[in-house]
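According to the UniProt record's numbering, the sequence shown holds residues 1 to 171 in order.
Ideal placement from N, C-alpha and C gives every residue a C-beta, glycine not left out.
Only one structure is covered here, and it is reproduced in the block below.
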Amino acid sequence: MVSTLTDHDRARTAAAAVTDPELPMLTLQDLGILRQVRIEQDGTVAVWITPTYSGCPALAEMRADVDRAVRAAGFERVEVRTALSPAWSSDWITEQGRRKLAEHGISPPGQAPARPNGPVPLTLLPTRTVPCCPLCGSAETEELSRFGATSCKALHRCRSCLEPFEHVKEI
């Protein structure tokens, strides 16, 4: 059987299948971290990714994992580049990604706050969301800690079933 995938398709498929080191049930595609894959004139596969947070400690591992995956797909020259603009938004998480988060007991983010054009406005009060419990569905939840196991998550507890759960923050 002859493959009908183009080199670009093979490279993109390989990069898109890389899992997030902090949320291994999700791919970089699911999270909206994978921005672009392009094959340059010299044959180099250029892959752009955007971290969920600037200074994300998992970025180096993501870059290495993408490099390995694209090389394993048969490409010799790979460059993984970081795109910081526009900044990543939790709105970029796919519906499949949101479903996978909930299936693994992590509350997916709601809609990200609107970002105005121009300078970022100074907000002195924290933004708070009240996510539903991914285990029982109750909206009766409370935030235990704004900072979870990773920068992009907060720790919550359900007041109905009393189970703790993580919530991916809206960014």
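Cβ separation of residue i and residue j, assumed to be a contact under 8 Å, to the nearest whole Å
i, j, result
"residue 189", "Ile106", "For residue 189 there is no data in the structure shown, the boundaries of the chain being 1 and 171."
"Glu170", "Arg157", "Contact doesn't hold; Cβ gap of about 19 Å is too wide."
"Arg35", "Thr50", "5 Å"
"Arg77", "Gly43", "6 Å"
"Ala15", "Ala69", "6 Å"
Sheet register partners of residue i (DSSP bridge)
i, result
"Glu142", "Arg157"
"Pro164", "Arg157"
Delimiting residues of the alpha helix (DSSP H) encompassing residue i
i, result
"Leu28", "Leu28 to Leu31"
Residue closest to residue i, alpha-carbon to alpha-carbon, out of the options
i, options, result
"Cys132", "Val80, His167, Ala46 and Glu79", "His167"
"Glu103", "Thr6, Thr13, Leu26 and Pro21", "Leu26"
"Ser151", "Ala58, Val18 and Thr13", "Ala58"
"Glu95", "Glu163, Asp30, Arg10 and His8", "Asp30"
"Asn117", "Pro109, Ser85 and Ser145", "Ser85"
"Ala114", "Met62, Ser89, Thr129 and Val130", "Ser89"
"Thr19", "Arg146, Leu28 and Glu79", "Leu28"
Segment contact, 8 Å Cβ cut-off, at least three pairs: the region 135 to 146 with the region 82 to 101: no
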